[in-house]
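Heads up: the sequence shown runs through residues 251 to 562, numbered per our numbering. Below: the structure, in structure tokens.
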Amino acid sequence: MKSLFVSLLALMATATLSAQSITGIYNEAVASYQAKDFKAAAEKFEKVINDGMDSEEAASVVATAKKTLPKCYFMMGGMNFKGNNFEEAVKAFQKSAEVAELYGDLQQMNKANMWQARVYQKQGGDAFNSKDYATAAEIFGKGYKADPDNTNMALNLAMSYCELGKYVEGMEIYEEIAAKTHPKYAEDAAQAKKMIALYTNNQVAKMQAANDFDGMLTMAESMLEKNAQSPIAHNVRMQALTAKKDYAKVIEYGPAAVEAQDNEEDKSYINFLVGAAYNAKEMRDQAIASFQKVTAGPAVESAQKALADLQK
Numbered sequence: 251m252k253s254l255f256v257s258l259l260a261l262m263a264t265a266t267l268s269a270q271s272i273t274g275i276y277n278e279a280v281a282s283y284q285a286k287d288f289k290a291a292a293e294k295f296e297k298v299i300n301d302g303m304d305s306e307e308a309a310s311v312v313a314t315a316k317k318t319l320p321k322c323y324f325m326m327g328g329m330n331f332k333g334n335n336f337e338e339a340v341k342a343f344q345k346s347a348e349v350a351e352l353y354g355d356l357q358q359m360n361k362a363n364m365w366q367a368r369v370y371q372k373q374g375g376d377a378f379n380s381k382d383y384a385t386a387a388e389i390f391g392k393g394y395k396a397d398p399d400n401t402n403m404a405l406n407l408a409m410s411y412c413e414l415g416k417y418v419e420g421m422e423i424y425e426e427i428a429a430k431t432h433p434k435y436a437e438d439a440a441q442a443k444k445m446i447a448l449y450t451n452n453q454v455a456k457m458q459a460a461n462d463f464d465g466m467l468t469m470a471e472s473m474l475e476k477n478a479q480s481p482i483a484h485n486v487r488m489q490a491l492t493a494k495k496d497y498a499k500v501i502e503y504g505p506a507a508v509e510a511q512d513n514e515e516d517k518s519y520i521n522f523l524v525g526a527a528y529n530a531k532e533m534r535d536q537a538i539a540s541f542q543k544v545t546a547g548p549a550v551e552s553a554q555k556a557l558a559d560l561q562k
């Protein structure tokens, strides 16, 4: 019995010494952190976590180490970023995000990912400004993956794709920006919509010049699969069907196309195409009704002329 009692005391003493040892390492880690030696602090906090994993006595310092370790890497990332050491900054921010996710600190994870994206944004800026869109797209793509909410960088990524002739890839990014509804994204969302219209019109002009109306339809349908209410996609589909003289489908898709538009000029333009389709099919009353809905934009003059001819 005495031997067993002595063994238990020895075991308890070992556990106590172990906890004291872990606490000592923890204190060293804190000192390193306060001295802004974040690399040394990270190494010591990791040792606290690994050595104290199964120690109930060290549970408190282990928990604090888990919360502080991601911050060590985050601070290392910030220091490298300030020193323009972008490669090491990215590694540090990535490590911060990984460790934060591992230990359930999602706020720190998001913060680290946000700064990782900012590094990529800074890195890709020179290439973008020099119109080296291939390099810019590669770098911005990594940043967008880290933080899709960095809409300023996302706009540059989308433009880089479009300038490279990667229209589909560019539209995917623009559409994601345009779909954001939080007020803080309002300006960038509006810009995305403008760029969608610009690059789509350029793409449509090329297809029209080549009489590639089937290509226009394919493009429109692809866009509508991703966003059934896309104004520009409905517009392109109506233009392609009109060019193909598929008047039945122009009439069929007309109401949905009008409903999808977000301004009176575009609504009027779609109504003009529908009116022209009815007119081509010699459906006079329906044509008149559609032309009368053309109230804004360049299509007004043509609609008025068509009405005059129909009402003679």
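Glycine included, C-beta positions come from ideal geometry on N, C-alpha and C.
Residues of the same chain with a CB within less than 8 Å of the CB of His484, apart from the 5 flanking positions on each side, are Ala470, Leu474, Tyr503, Ala506, Ala507, Ala510, Gln511, Ile520 in chain order. Runs of the alpha helix (DSSP H) lying entirely within the segment 357–421 and spanning at least 4 residues, in chain order: 383–396, 401–413.
Following the DSSP letters along the chain, one finds Gln479 in no alpha helix (DSSP H), marked with neither H nor E. Listed in chain order, the non-local C-beta contacts of Ile423 below 6 Å within the same chain comprise Ala404, Leu407, Ala408, local neighbours out to five positions each way being set aside. The segment 328–346 makes contact with the segment 366–384, as at least three CB pairs between them are under 8 Å. Annotation: Leu557 to Gln489 spans about 21 Å, alpha carbon to alpha carbon.
Just so you know, the alpha carbons of Asp287 and Leu319 end up roughly 13 Å apart. Inside the segment 274–304, DSSP marks whole alpha helix (DSSP H) runs of 4 or more residues at positions 288–301, from first to last along the chain. DSSP, reduced to helix, strand and coil, places Gly354 outside both helices and strands of the structure shown, so it counts as coil. Where Gly328 is concerned, the enclosing alpha helix (DSSP H) starts and stops at 309–332.
Counting along the chain, Ala549 sits inside the alpha helix (DSSP H) bounded by residues 549–560. The three-state reading of DSSP puts Gln536 in helix, counting H, G and I together.
Across the structure, Lys321 and Asn300 are spaced so that their CA atoms are roughly 18 Å apart.
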